[in-house]
């Protein structure tokens with residue numbers, strides 16, 4: 002019976018030893034799987050973090066490109082506005098110069114007519130004789146008619162020049178607007 006008991010004890014000891022070895026192997030496998038799972042989770046988190054960082058970088062790059070484009074467009078618009086203002090100022094200066102030239106021509110014509118009138122009156126006075134008062138009055142009337150016609154002609158010329166200057170200014174304005 003001792004032998005049987007010893008065999009039973011040895012079998013029980015072998016079973017306990019096998020169970021212990023099996024439990025250790027199960028525990029080792031559990032640790033191995035847990036470590037593997039932790040490594041996979043860490044890798045997945047690193048991958049996710051890298052993707053998030055890449056997305057943030059792409060977003061930042063896009064925002065920088067948008068801002069650069071906005072600045073470029075704003076600079077272009079400012080440059081075009083400055084060019085348009087300079088062109089407008091040049092047109093205004095040209096129009097003012099044309100108006101000044103016209104005024105000078107009108108004033109010169111007025112002086113010319115005044116000098117001519119004074120010369121005619123001086124000539125009329127020098128030719129005047131005591132008995133020729135009626136001829137003087139007729140000459141004076143003719144001179145007055147000539148002055149009136151000359152003044153009318155000068156006025157028509159001034160109006161024509163003003164009209165021409167207005168047409169030139171309108172044409173320049175239309176051309177400027179078409180270019181815009």
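Residue numbers (the working numbering): 2 to 181. No residue lacks a Cβ here, since even glycine has one placed at the ideal position from N, Cα and C.
Rounded straight-line distance, which links the Cα of residue j to that of residue i
i           : j           : result
residue 124 : residue 104 : 30 Å
residue 76  : residue 69  : 10 Å
residue 49  : residue 83  : 51 Å
residue 67  : residue 52  : 22 Å
residue 65  : residue 85  : 30 Å
residue 11  : residue 39  : 41 Å
residue 44  : residue 32  : 18 Å
residue 74  : residue 176 : 25 Å
residue 1   : residue 47  : Since the displayed the chain opens at 2 and closes at 181, residue 1 lies outside it and no answer follows.
residue 14  : residue 7   : 10 Å
residue 180 : residue 87  : 14 Å
residue 55  : residue 61  : 10 Å
residue 34  : residue 24  : 15 Å
residue 120 : residue 151 : 15 Å
residue 63  : residue 57  : 10 Å
residue 17  : residue 26  : 14 Å
residue 138 : residue 153 : 22 Å
Residue of the options minimising C-alpha distance to residue i
i           : options          : result
residue 167 : 93, 11, 154, 10  : 93
residue 115 : 144, 97, 139     : 144
residue 141 : 157, 11, 122     : 122
residue 174 : 139, 62, 164, 89 : 89
residue 163 : 120, 28, 150, 98 : 98
Contact under 8 Å by Cβ, residue i with residue j
i           : j           : result
residue 101 : residue 155 : no
residue 172 : residue 107 : no
residue 96  : residue 170 : yes
residue 148 : residue 118 : yes
Would you list, in sequence order, the uninterrupted alpha helix (DSSP H) runs of no fewer than 4 residues that lie entirely inside the stretch 145–179?
Taking only runs of at least 4 residues, no alpha helix (DSSP H) segment lies wholly in the stretch 145–179.
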